[in-house]
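Residue numbers (my numbering): 724 to 962.
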Amino acid sequence: MREQIEEYAKRLKLSWIREHYHEVQADNHEAFLLEIFRQEIKQREERKLNLLIKQAALPDTMHQSFDWVNLHMNGNLSQQEVLQGQFIERKENLILYGGVGAGKTLLASTIGWNALLEHQYKVRFYTVAQLVNILLDAHEKGTVGRLLKQIESLDLLILDELGYVPLHKQGAELLFQVINLCYEKKSLIVTTNLQFGQWNHIFGDPILTEAVIDRLIHHSHLIVFNRESYRHKESLMNQ
724 MREQIEEYAK RLKLSWIREH YHEVQADNHE AFLLEIFRQE IKQREERKLN
774 LLIKQAALPD TMHQSFDWVN LHMNGNLSQQ EVLQGQFIER KENLILYGGV
824 GAGKTLLAST IGWNALLEHQ YKVRFYTVAQ LVNILLDAHE KGTVGRLLKQ
874 IESLDLLILD ELGYVPLHKQ GAELLFQVIN LCYEKKSLIV TTNLQFGQWN
924 HIFGDPILTE AVIDRLIHHS HLIVFNRESY RHKESLMNQ
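Okay, structure coming up:
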């Protein structure tokens, strides 16, 4: 009988029940069924969350606190709305602008962790250079379509360090495809150390640059970091 139970549980994809049903103690049949289903659902939710965490590739900043000192946002967005990801529901974007080491990546990843853990949004974190290299490799292998479908399934895409590395023509065009794919369909967070007027140095083509900016800023909020580098400050403190 035990083998039959395990076989039926396997066919129904009830992995926790198949492995652990005999460990459950209960006073009656209803209590027994309630407990094994509760444990099955709990395991599935944990497995789903672990998969989302793995796929997100977020920096390990989950337990770091964020300091809002010397940050400026446009007036129709609050700190709470940023951290709770309400802009994601509206498919809006965030552009985090400031100098190197000012905390842009920390804020972006904090938002990503909150979106994932509290709402189970599908999140993916890339540096721009990393994503462009992946896109170029996929283009060479003929698998760009598959990669774009993966991005299309996301709720939030985080593009870190836009402006640190100039892009070659093909890389810039592929990155535009990603941004265009996300336009009005999902949220983007972009961190950058360059003002919009300098983005032509990244994309190398005025028309392409204008198209990228046009799509990013249409439904976006700008957060400006007016402060010095944390890393620089800490290095001076340690001297």
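Positions of the beta carbon are idealized from the N, C-alpha and C atoms, including for glycine. This structure is a prediction, so every number in the text was calculated from the model and none was measured.
Cβ-based burial, residue i [other Cβ within 10 Å; buried from 16]
{"i": "Ala749", "result": "exposed"}
{"i": "Glu763", "result": "buried"}
{"i": "Lys765", "result": "exposed"}
{"i": "Arg938", "result": "buried"}
Three-state secondary structure (DSSP) of residue i
{"i": "Val851", "result": "helix"}
{"i": "Ser788", "result": "coil"}
{"i": "His795", "result": "strand"}
{"i": "Ser910", "result": "strand"}
{"i": "Ala825", "result": "coil"}
First through last residue of the beta strand (DSSP E) which encompasses residue i
{"i": "Val947", "result": "Ser943 to Phe948"}
CB contact check: residue i to chain C, cutoff 8 angstroms
{"i": "Thr932", "result": "Note that chain C does not occur in the displayed structure, where there is just one protein chain."}
Beta bridge counterpart(s) of residue i as assigned by DSSP
{"i": "Tyr820", "result": "Thr915 and Val947"}
{"i": "Asp883", "result": "Thr850"}
Same chain, Cβ closer than 7 angstroms to residue i, five either side skipped, listed in chain order
{"i": "Val747", "result": "Phe755, Glu758 and Ile759"}
{"i": "Val855", "result": "Leu890, Gly894, Leu897 and Leu898"}
Near the ligand GTP: residue i beta-carbon under 7 angstroms from a heavy atom
{"i": "Val888", "result": "Among the components of this structure there are no ligands whatsoever, and the ligand GTP is therefore not found."}
Close beta carbons around residue i, own chain, < 6 angstroms, minus the five adjacent residues each side
{"i": "Gln962", "result": "Only weak support exists for where Gln962 lies, its pLDDT of 48 falling under 50; the value from the coordinates is given anyway. Counting only Cβ-Cβ distances below 6 angstroms, and skipping sequence neighbours, we find nothing."}
{"i": "Val947", "result": "His795 and Tyr820"}
Nonlocal neighbours in the same chain, by C-beta distance under 8 angstroms from residue i, ignoring five residues either side
{"i": "Lys814", "result": "Glu907, Lys908, Lys909, Ser910 and His942"}
{"i": "Ile874", "result": "Arg847, Leu880, Val901, Leu904 and Cys905"}
Limits of the alpha helix (DSSP H) - the one that residue i falls within
{"i": "Arg761", "result": "His752 to Ala779"}
{"i": "Gly894", "result": "Lys892 to Cys905"}
{"i": "His745", "result": "Where His745 is concerned, there is no enclosing alpha helix (DSSP H), given that its DSSP letter is neither H nor E."}
{"i": "Gly868", "result": "Val867 to Glu875"}
{"i": "Glu933", "result": "Pro929 to Ile940"}
{"i": "Val805", "result": "Gln802 to Gln807"}
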